[in-house]
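One structure below.
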Amino acid sequence: MIRIENLSKAYHKNQVLKDVNIKLDSNKIIAILGPNGSGKTTLIKSILGLVIAQEGDVKFNDQSIVGEWEYRKQISYLPQIARFPENLKVLELIALVKDIRQQEARDNELIQYFGLENELKKPLRNLSGGTRQKVNMVLAFMFDSPVIILDEPTVGLDPVAISRFKELLEREKAKGKLIIFTTHIMSLVQEISDEIIFLLEGDIYFQGSVQDLINQNGSTKLESAITNLIENSHA
Ligand code: ADP
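Printed below as a string of structure tokens:
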């Protein structure tokens, strides 16, 4: 579905992605992991065409995305920090995104699913952090896109919303979609992801299943396997 080929990105002298090669296939939940500043968001933004790399290519269904934009209609994206005008009401924001996207949306179903019925008439500035994230969830899941990219989706969510989110991911995966997400919550990764991509200082240090990573590092838990991976990389 998505191939990243020899991708390198630097901001001035800061080499953020170093010759990255990865394949992201449909029907999978893939976690992109790595410490702060390791290049996860830059990698995601390269797929979206929001970051232009100096070298390499991103292919979406075997087509290079360079100079293209139509392919983005097939991607839903939840950014790490979603910034919208604070005076917009929740309903107005949802209507605005639907108007831009011009695709069939199941916003009503998701508003109920996340219990947002009483928040719809409030301006964004009055919402709590968790409620904002639930609104972002509605925006990310309301179109039937084959690719869903979520940058730290669970930040601020309460336990009920997290469990709803996990259920939703499983349902979307069952439809054959590719779901890519970043998180720092290892229990979530262990529970829901089929594959891990571990980035460290712009290099891919690992790509494979949770079990492969645990086995490879001789630990019993993902958290300690990742700590071992980081420590070994500095050895
Ligand atoms: P992560 O998502 O893993 O925390 P990022 O991809 O956000 O990492 O950042 C990787 C590195 O790139 C950091 O050193 C960050 O400061 C730098 N960086 C990210 N975006 C920009 C930008 N627009 N301009 C300059 N440097 C940036």
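Numbering (full-length UniProt numbering), first residue to last: 1 to 235. Positions of the beta carbon are idealized from the N, C-alpha and C atoms, including for glycine.
Discussion item. Any beta carbon from chain D within less than 8 Å of Lys-28's own beta carbon?
Written reply: Although the question refers to chain D, the structure presented lacks it and comprises just one protein chain.
Worksheet entry | For Gly-37: DSSP bridge partner residues | DSSP output for Gly-37 lists no bridge partner at all.
Item to complete: Return yes when the C-beta of Tyr-11 is under 7 Å from any heavy atom of ligand 1, and no when it is not.
Response: yes
Worksheet item: At what residues does the beta strand (DSSP E) containing Asp-194 begin and finish?
Response: No beta strand (DSSP E) holds Asp-194; DSSP gives it neither H nor E.
Practice prompt. Answer yes or no: do Gly-156 and Gly-176 have a C-beta to C-beta separation smaller than 8 Å?
Written response: no
Worksheet entry | Residue burial classification, Ser-76 (beta-carbon count within 10 angstroms, cutoff 16) | buried
Fill in: Chain-ordered list of residues that sit, by beta carbon, closer than 6 Å to a heavy atom of ligand 1
Tyr-11, Asn-14, Val-16, Gly-34, Asn-36, Gly-37, Ser-38, Gly-39, Lys-40, Thr-41, Thr-42
Fill in: Inside the stretch 150 to 188 only - alpha helix (DSSP H) runs reaching at least 4 residues
Along the stretch 150 to 188, the alpha helix (DSSP H) occurs as fully enclosed runs of 4 or more residues at 159 to 174, listed in sequence order.
Fill in: Rounded straight-line distance, which links the Cα of Ile-4 to that of Ile-180
14 Å
Worksheet item: For Glu-172, does the count of other Cβ atoms within 10 angstroms reach 16, so buried, or fall short, so exposed?
Response: Glu-172 should be labelled buried.
Worksheet item: In three-state terms, what does DSSP make of Leu-78?
Response: strand
Practice prompt. May I ask you to verify whether the stretch 84 to 102 touches the stretch 119 to 139, counting CB pairs closer than 8 Å and requiring at least 3?
Written response: yes
Fill in: Cα-Cα separation, Asp-99 to Thr-154
26 Å
Worksheet item: What's the C-alpha gap between Leu-17 and Ser-8?
Response: 5 Å
Item to complete: For Pro-123, write down the residues that DSSP places opposite it in a beta bridge.
Response: BP columns for Pro-123 point to Lys-89.
Item to complete: For the alpha helix (DSSP H) containing Arg-132, list its first residue and its last residue.
Response: 129 to 141
Worksheet item: Out of Asp-194, Ala-105, Asn-136, which has the shortest C-alpha to C-alpha gap to Arg-83?
Response: Asn-136
Discussion item. Which same chain residues end up closer than 8 Å to Ser-38 when comparing Cβ atoms and leaving out the 5 residues on each side of it in sequence?
Written reply: These residues qualify, in order along the chain: Leu-199, Leu-200, Glu-201, Gly-202.
Worksheet item: What residues are listed by DSSP as bridge partners for Ile-148?
Response: Ile-148 pairs with Ser-76, Ile-179.
Worksheet entry | For Leu-17: DSSP bridge partner residues | Beta-bridge pairing links Leu-17 to Lys-9.
Fill in: Among Lys-13, Leu-178, Asp-151, nearest to Ile-30 - alpha-carbon criterion
Here the closest residue by C-alpha is Leu-178.
Worksheet entry | Outcome for Tyr-11 when other beta-carbon atoms lying within 10 angstroms are tallied against a minimum of 16 | exposed
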